[in-house]
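Down below is the structure, laid out as structure tokens.
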Amino acid sequence: MKLLPLAAVCGTAAICLAASPLVWAEDVTTLDEIVVTADRKARTVDATLAPVSIITRQDIERYQATSLPDVLRRLPGISLSNSGGAGKATSVFIRGSNSSHVLVLVDGIKVGSATTGSVAFEDLPLDQVERIEVVRGPRSSLYGSEAIGGVIQIFTRKGGKGFQPEISVSAGSNSTQKVNANLAGGNATTWYNLNAGTEKTDGFNATTNNREPDADSYARDSVSLRAGHRFANGTDVDVSLLQAQGDNDYDGFTNQSEFVQQALSAKVRHTLNDKAVVTAQVGQSKDESDNFKDGTFNSSFNTTRDSASLQADVQLTANAAMSVGVDQQRDTVDGSTKYTLSSRDNTGVFANYQQQIGATQFDVSVRQDDNEQFGTHTTGGLALGRDLPNDMRVTAAYGTAFKAPTFNNLYFPGSGNASLQPEESQNLELGISGKAASDKVRWSANAFSNEIDNLISYPPPTFVVSQTDKVRIQGVELEAGTQLAGWDVNANITVQKPENRSGTNAGKNLIYRPEQLVNVDIDRDLGKFRVGATLRGESLRYTDTANTESRKLAGYGTLDLRADYRVSKDWTVGAKLGNVLDKDYQTNSGYNQDGVNGLVTVKYAPK
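In structure tokens, the structure reads:
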């Protein structure tokens, strides 16, 4: 993982900004120092003022990561709640906000369920991923609803570097088996990538109560396709498809499901001159789930999101740039539950302005969303950055964000409330970052305070949805990366207080949010050998809003080890041991996590 501080120093600011039209035309797969998600356009990491983390394809393979949650949990500010192993429901919390407060994009297209408001991270295949960008903090002023805690954007694999076939086979604990084949090709003007994979595992008993003491299996087949061409007139065309489908066994009111996750995108980008780029994109995502109890159909929930966007990025002067755009989205739901309304439209218009004045940079953004259900909602953001001597920078930012109620919140029979309004947040952030030793040492510290109003909840005894809750989440993130005695070392620490601020539970922690998170990754390249380890620790978390002592989950620490050996220029063998210390822990009450587990992978990639 490449460590990216909140904002790093930009050689000379004028040169960076003047070069940004060329940056916009860059190919995402080559952007080791470029981030796209923070400002809805490609900018150098040094130019953006948002706290960002980037995971590359090389990072994924080095970690020998087995799932998208496995990768995300390594990053600052991120914690998970998992319901019993591979393929089981996984909630992702950024900076202590709700899992529904995270906006997720695949190649620029919003994904997720419009009924539950969540994203099935566990079903998105990691083998199809080229790059992941995570922006922490509010981004509704650019993206609209959901971006309260942050934004996660997943880029599918993309060719363009010559003919590159690849096949990998994995086998491991719990009768886990994986096969993946990737075919990439093309050059700087034409690119294509086709990937297909299948995996299955017998799993283990997901629950601790042993009411269903069977192993809970998981199986998934996935495919991705991406292709594009860059014309001589400055027009790029890029299309992509990601689809995953499979079945999942678990323990609960229902205990089997069949799922489909899909994201389809078509994008055209035209460079008008060296100072303006116009991008148009259309797409569709699907989230489908059929649920069963011991083989008998129980329910189905299906979401289709159709979207279109138009954006113009203009370099106004050598030190000023502006982006304006419009998004159109329609969410449609169907299934066994009949809602009062089954679709809604949302139109959002936004503008973003960046200015450099000497050693000071500021970004201003504003967006208005017009939603068919709840009307208009306006959000904004302001960020300031100041370069300091010795390659340091300080930043300050303020932003508002919102989350629209889901179809379940509004219309689910017996508990919905059609009068709900959006959840709203105000976030204040301060940061300092720096680098030294020719960028071999990079560090950052960010302090944040996020207040969320109109939080939607289901209070007992009626469990009818309401929104009287107020929440304040304050915290500090520290991260650093360097080389020590030949080892690459990356570490991050998050200390946060996710606190309820209303009702009888005022002053209590939000459920399933630990107050401390620690991640340490070390790696060393020894020629044909490469070895590494990950140490992860989390403090206790409560499972009820009253923070009852008897219902807390203990903190834990885990250690993972990995190694790979390059047998020849075409063949690599990798092995990973997870939870080496066989720690018995839970991240979701009543659900087991895997003990000591292993995976061996053989990869053939002819050069």
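So the sequence shown is residues -25 to -1, 1 to 582, counted in mature numbering (1 follows the signal peptide of the UniProt record, and there is no 0).
For every residue, glycine included, the Cβ atom is placed at its ideal position computed from N, Cα and C.
When DSSP labels each residue in this structure, what does residue i get in the three-state scheme?
i, result
"LEU501", "strand"
"ASN162", "coil"
"ASN185", "coil"
"LEU6", "With a pLDDT of 40 at LEU6, under the threshold of 50, the modelled position of that residue is not reliable, and no figure is offered here."
"LEU385", "helix"
"LEU43", "helix"
"GLN458", "strand"
"THR479", "helix"
"ARG15", "coil"
"residue 587", "Residue 587 lies beyond the range of the chain shown here (-25 to 582); nothing can be said about it."
"TYR433", "coil"
"SER28", "strand"
"SER311", "coil"
"GLU474", "strand"
"ASP414", "coil"
"ASP302", "strand"
"ARG541", "strand"
"GLN33", "helix"
"GLY361", "Per the sequence shown, the amino acid found at residue 361 is Arg instead of Gly. If DSSP states are grouped into helix, strand and coil, ARG361 belongs with the strands."
"SER564", "coil"
"GLU524", "helix"
"LYS582", "coil"
"SER75", "helix"
Label residue i either buried or exposed according to how many other C-beta atoms from any shown protein chain fall within 10 Å of its C-beta, with 16 as the threshold for buried.
i, result
"TYR433", "exposed"
"ARG15", "buried"
"GLN33", "exposed"
"ARG186", "exposed"
"ALA219", "buried"
"THR315", "exposed"
"THR165", "exposed"
"GLY532", "exposed"
"ASP444", "buried"
"SER74", "buried"
"TRP418", "buried"
"ASN168", "buried"
"LYS582", "exposed"
"VAL11", "buried"
So which of the options has the shortest CA-CA distance to residue i?
i, options, result
"ARG447", "GLU474, ASN467, VAL440 and PHE423", "GLU474"
"LEU217", "PHE234, VAL104 and GLY209", "VAL104"
"ARG361", "GLY350, THR335 and ASN383", "THR335"
"GLY553", "ALA296, THR509 and THR518", "THR509"
"VAL470", "ARG70, GLN128 and ALA379", "ARG70"
"ALA550", "GLY507, ASN563 and VAL94", "GLY507"
"GLN236", "LEU80, ASN384, GLN290 and THR151", "LEU80"
"ASN157", "SER148, THR41, THR131 and ASP269", "THR131"
"GLY59", "THR576, PRO581 and ASP559", "ASP559"
"GLY565", "GLY450, ASN180, GLY221 and ASP281", "ASN180"
"GLU513", "GLY52, ALA194 and ALA25", "GLY52"
"LYS136", "LEU247, GLN152 and ASN162", "ASN162"
"GLU490", "GLU452, ASN480 and LYS503", "GLU452"
"ALA293", "GLN286, GLN256 and LYS250", "LYS250"
"ASN155", "LYS175, SER148, ASN149 and TYR167", "LYS175"
"ALA146", "LEU24, THR173 and GLY530", "THR173"
"ASN170", "PRO581, ASN277 and ALA202", "ALA202"
"ALA371", "ALA13, LEU24 and VAL46", "LEU24"
"ALA207", "VAL439, ASP177 and ASN248", "ASN248"
"SER543", "PHE504, ARG537, ASN572 and ARG516", "PHE504"
"ALA283", "ALA295, LYS268, ASP269 and VAL301", "VAL301"
"VAL339", "VAL253, TYR118, GLY573 and ASN327", "ASN327"
"HIS245", "ASP224, GLU233 and VAL212", "VAL212"
Closest Cβ-Cβ distance between residue i and chain C: below 9 Å?
i, result
"VAL110", "Protein chains in the displayed structure number just one, and chain C is not present."
> At a cut of 8 Å, does the segment 257 to 267 reach the segment 81 to 90 through at least three beta carbon pairs?
Replying inline: The answer is yes - the segment 81 to 90 touches the segment 257 to 267, with three or more Cβ pairs under 8 Å.
>> Closer than 8 Å is the cut-off here; do at least three beta carbon pairs connect the segment 94 to 113 with the segment 523 to 535?
In response: Touching, no, given that fewer than three Cβ pairs across the two stretches are closer than 8 Å.
>> Taking 8 Å as the cut-off, does the segment 450 to 465 touch the segment 492 to 499 (at least 3 CB pairs, one atom from each stretch)?
In response: The segment 492 to 499 vs the segment 450 to 465: in contact.
> Would you call the segment 227 to 244 and the segment 260 to 280 in contact, with 3 or more CB pairs under 8 Å?
Replying inline: Touching, yes.
> Can you list, in chain order, the stretches of the beta strand (DSSP E) that have 3 or more residues and sit fully within the segment 92 to 157?
Replying inline: Those beta strand (DSSP E) runs which fall completely within the segment 92 to 157 and span 3+ residues are 104 to 111, 125 to 131 and 139 to 147.
>> Threshold first: 4 residues or longer. Then list the alpha helix (DSSP H) segments lying entirely within the segment 200 to 259, N to C.
In response: None, since the segment 200 to 259 contains no complete alpha helix (DSSP H) of that length.
> Between the segment 338 to 348 and the segment 310 to 320, are three or more C-beta pairs nearer than 8 Å?
Replying inline: Contact between the segment 338 to 348 and the segment 310 to 320 is present: three or more C-beta pairs spanning the two stretches fall below 8 Å.
> Is the segment 87 to 102 touching the segment 396 to 412, taking contact as three or more C-beta pairs under 8 Å?
Replying inline: Using a C-beta cut-off of 8 Å, the segment 87 to 102 makes no contact with the segment 396 to 412, since fewer than three inter-stretch Cβ pairs fall below that distance.
> Taking one C-beta from the segment 379 to 389 and one from the segment 408 to 425 each time, how about it: are there three or more such pairs within less than 8 Å?
Replying inline: No, the segment 379 to 389 does not touch the segment 408 to 425.
> Residue ranges of each alpha helix (DSSP H) run of no fewer than 4 residues wholly in the segment 258 to 288, ordered along the chain?
Replying inline: The DSSP assignment places no complete alpha helix (DSSP H) segment of no fewer than 4 residues inside the segment 258 to 288.
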